[in-house]
Each structure stands twice: as C-alpha cells, then as structure tokens.
Amino acid sequence: MPVLVMKFGGTSVATLDRIRRAAKRVGVEVSKGYDVIVIVSAMAGETNKLVGYVGDTSPLYDAREYDAIVSSGENVTAGLMALTLQEMDVPARSWQGWQVPVKTTAAHSAARIEEIPTDNINAKFGEGMRVAVVAGFQGVSPEGRITTLGRGGSDTTAVAFAAAFGAERCDIYTDVDGVYTTDPRIASKARKLDRIAFEEMLELASLGAKVLQTRSVELAMRYNVKLRVLSSFEEQSDEAGTLVCDEEDVMENRPVSGIAYSRDEAKMTLISVADRPGIAAAIFGPLSEAGVNVDMIIQNIAEEGRTDMTFSCPVDQVARAEKALNEAKAAGDINYHDLVADTDVAKISAVGIGMRSQSGVAATMFKTLSDEGINIKVIATSEIKISVLVDRKYMELAVQALHDAFELEKAT
Numbered sequence: 001m002p003v004l005v006m007k008f009g010g011t012s013v014a015t016l017d018r019i020r021r022a023a024k025r026v027g028v029e030v031s032k033g034y035d036v037i038v039i040v041s042a043m044a045g046e047t048n049k050l051v052g053y054v055g056d057t058s059p060l061y062d063a064r065e066y067d068a069i070v071s072s073g074e075n076v077t078a079g080l081m082a083l084t085l086q087e088m089d090v091p092a093r094s095w096q097g098w099q100v101p102v103k104t105t106a107a108h109s110a111a112r113i114e115e116i117p118t119d120n121i122n123a124k125f126g127e128g129m130r131v132a133v134v135a136g137f138q139g140v141s142p143e144g145r146i147t148t149l150g151r152g153g154s155d156t157t158a159v160a161f162a163a164a165f166g167a168e169r170c171d172i173y174t175d176v177d178g179v180y181t182t183d184p185r186i187a188s189k190a191r192k193l194d195r196i197a198f199e200e201m202l203e204l205a206s207l208g209a210k211v212l213q214t215r216s217v218e219l220a221m222r223y224n225v226k227l228r229v230l231s232s233f234e235e236q237s238d239e240a241g242t243l244v245c246d247e248e249d250v251m252e253n254r255p256v257s258g259i260a261y262s263r264d265e266a267k268m269t270l271i272s273v274a275d276r277p278g279i280a281a282a283i284f285g286p287l288s289e290a291g292v293n294v295d296m297i298i299q300n301i302a303e304e305g306r307t308d309m310t311f312s313c314p315v316d317q318v319a320r321a322e323k324a325l326n327e328a329k330a331a332g333d334i335n336y337h338d339l340v341a342d343t344d345v346a347k348i349s350a351v352g353i354g355m356r357s358q359s360g361v362a363a364t365m366f367k368t369l370s371d372e373g374i375n376i377k378v379i380a381t382s383e384i385k386i387s388v389l390v391d392r393k394y395m396e397l398a399v400q401a402l403h404d405a406f407e408l409e410k411a412t
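So the sequence shown is numbered by the UniProt record's numbering: it starts at 1 and just counts up by one.
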C-alpha cells in the first residue's frame, strides 16, 4: 500500500481530546488505503518542563542524560496516540527511536539522522499493522544511547521517514493553516500561499518564519519530499494548507513570495581592523569555534591600511562573540581599535524565486523603506533574497510597508 507520513506538533496533541481529533484524521487516511506513519511531538509544554527539571537538577548536566530525559515526552504521546487508534479499531503500534531504529550521530541534543532502516516497520505493515506511531525528535547513537535532534526536530523526523519509505507526501499538522506571505499578526493583509518552492521555504525558515524547522526543509529539498503544512484545528480538504514543492510545481510567478523578519538580531562592528590578507579568517574563525551564527557581513573600503568589519548575529550570542574576539585580540591574532555592538536592530527580508528573472526588487524595497523614513544599516543579498537590518522599533512598519509594496495580498 502507499505510505503517507503525518506529523502532529505539540499543540496538536496537547490534550487527550486533541489526540483523539488527530487520530480521527489518521483514520480517514487509513480508510483511503494508506499505510500511515505518524510522527508525534511531546504534548505542548512538556519538553520545556523536562528541560527545566534537568537544569534544576544539574546546571552542568551530562548531555546523554539530558537526551534520555527530554525525549520521554514524545514516548508518552506516541503511546497515547497508538492506544487511541486501537480504540478506533485501527491496528496501530507505537515506536521509539531505538526500536525503528533511527540511527543518528552521537552529537547529543543536536544529533543528525544518518539512516532509517525500513525493515522493522515494513514487516509489521506486512503483518497487518496500519499505523506506526513514531516518537519524533529522537534516535539512537552508534553507542546505543538515546539522542535528540534539537528543538523542532520532529519536523526533521517526519521528512526523514517520508524519504526513507518513499512516502507519497508528508503532512505537517500544526496550529497554523499554512505558510503565509508574512506573519498575519503583523500584516492583516497576509495571504496564505497554496504552494511555495523548497528554496523559498528554506530561506523563510532560516530568516525567522517558525512554520517549519530549517533542517526539515533541507531534507525535503534534497530528497524531493512533498511537504504539506496544514492546521489540525480546521476542517480538512485535499486543497488545505500549503504545499512545499519543486520550483516547477509553483503556480505563482511573482518576484517576491514573502516577507520574513527576525526581531532578535544584533549588529557588531570591529572598528579600525588591520586590512591584510587573512583578516576575515582571523575574525570569523574564532566566532565559528565559539558557535556564533554569523549572517550578514560588510567590510568597508580600506583607508591607510585599516578597515571596519560589520556582521550580524542573534542578540543572545553577542556576549559569546565579544568574548571570542577579545580573546583573539589578546592573543595577537587580530588587532582592532574598538568593538561596538548594536543590540536594538531587526532583520527584514524579501524572499522569492522570481528575483532570478525579474529586476527591480531591490529598488522597490529600498525606496519603500526610504519613503517610510526607515534607515538601512546593513544590506545582504542572495539569488532569491534581499535582507536589511533596521532599527527594531521600525520592524512592524517595515514588514507592513514591504508587504503592501509588493502587493503580496493579491494572488497572481
């Protein structure tokens, strides 16, 4: 039988009533002739509670025990979902990561899936099981220890299973009914997209959109897994939600598909750095080793052998970045006059595969911000993205103005 993967996030399984509602959706797909693999997250709030227990018990915790504890929330949900389906006379069985087994690296709390053998679950499908309820977010290391994939990892689990089993589609059920042109809480005119290309979704996810975990979109794009994002709280139809798919399957032809934002950004500037070969490596090497996620980078024109270097990073990584750069300076690896951090900025991005073939996006974006009196601090571009840093107080205004300027409320 064809295989369908269905993933239910924490809000979709937050209570027994919601688990029953999700199970009914699974039952509908079983009645259509699918063998279904259901990936479940922990019940809403459960993982945070478990993480809190770990921190209260051992501030400098053993990452192996952290994974053993925080992964237990998904085990509970998987068992409850399987029991609920059994009560509906749907043959179902719960599976923990080690039982599949979901083979991962040994990087506890940030493991990556390396292989998902299909033999065990397929054997049970052959014996009459119709639904495999798999605990998301977890796997097993080469040493046989429980691992977790990082927050939001159940999305990645779902896509990885869809790829391994050649699933017809991977449905991600969440508390929103699809992918929007921007955050509806900021722009009331935001429109739900029927389809969006993998590359666009990857950019939006990495730029602050919380609909899908970035790693899950990367996997879907690599293995051409059709993703559908839809709400577990609304009536379902074949056209519900947003389909994330190949570029050639996207119907709309517009230069910009969405406006993303990231509120918690910081701009850091090294003033008067020696302008010499290897200086960029000397700066960004220590930042990388310190785990600082650098995004936008600008180097000013050199004057008298000195230059300024500016980059952006998440605001909660500023202290880490300052420590790494000050240590590099003390060691004599780099020399700069001052290090200035601006922690009151936001990143606004326009994303669209249409930028490849249509000009004028940057001009429209910059003029729109200028007309609103919004100063641009940093600019970065890629083939399908233009990002700017602006003062955080202008973030919502910038999102609304750009959404209007590109007429994203209108379907093509």
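Note that CB positions come from ideal geometry on N, CA and C, so glycine has one too.
For M365, the three-state secondary structure derived from DSSP is helix. Under the three-pair Cβ rule at 8 Å, the region 333 to 350 does not count as touching the region 177 to 189. For Q317 and T310, the gap between their C-alpha atoms comes out near 15 Å. With a contact defined as Cβ atoms closer than 8 Å, V351 and G258 qualify at about 5 Å. In the same chain as F406, and ignoring 5 residues on each side of it, the C-beta atoms closer than 6 Å to its own belong to V256, in chain order. Taking the Cβ atoms as the reference, I384 lies roughly 5 Å from I353, within the contact range of under 8 Å.
Exclusion of the five residues before and after A302 leaves D275 as the residues of its chain whose Cβ lies within less than 8 Å of its Cβ.
Look at the beta carbons and you see the region 85 to 102 not touching the region 44 to 61: under three pairs across the two are nearer than 8 Å. When DSSP reads this structure, R169 sits in a beta bridge with L4.
I279: member of the alpha helix (DSSP H) spanning 279 to 289, first to last residue. Around the C-beta of V28, fewer than 16 other C-beta atoms lie within 10 Å, and the residue is accordingly described as exposed. For A135, the enclosing beta strand (DSSP E) stretches over residues 131 to 135. CA-to-CA, the gap between V76 and A42 works out to about 7 Å. In summary, G9 is buried, with 16 or more beta-carbon neighbours lying within 10 Å of its beta-carbon over all protein chains present. DSSP places S349 inside the beta strand (DSSP E), whose first and last residues are 338 to 351. Judged by DSSP secondary structure, L243 falls within the beta strand (DSSP E) whose first and last residues are 242 to 245. Secondary structure of F311 (DSSP, three-state): strand.
In this structure, the CA atom of L402 is about 10 Å from the CA atom of A260. For the beta strand (DSSP E) assignment, the uninterrupted runs of no fewer than 3 residues enclosed by the region 17 to 62 are, from N- to C-terminal side, 35 to 40. The Cβ-Cβ distance between I39 and V134 falls below 8 Å. Pairing E74 with F137 gives a Cβ-Cβ distance under 8 Å. Counting C-beta pairs closer than 8 Å gives fewer than three between the region 190 to 199 and the region 123 to 131, which falls short of the contact rule. For K385, no alpha helix (DSSP H) run applies; the uninterrupted beta strand (DSSP E) run containing it begins and ends at 385 to 391, by DSSP.
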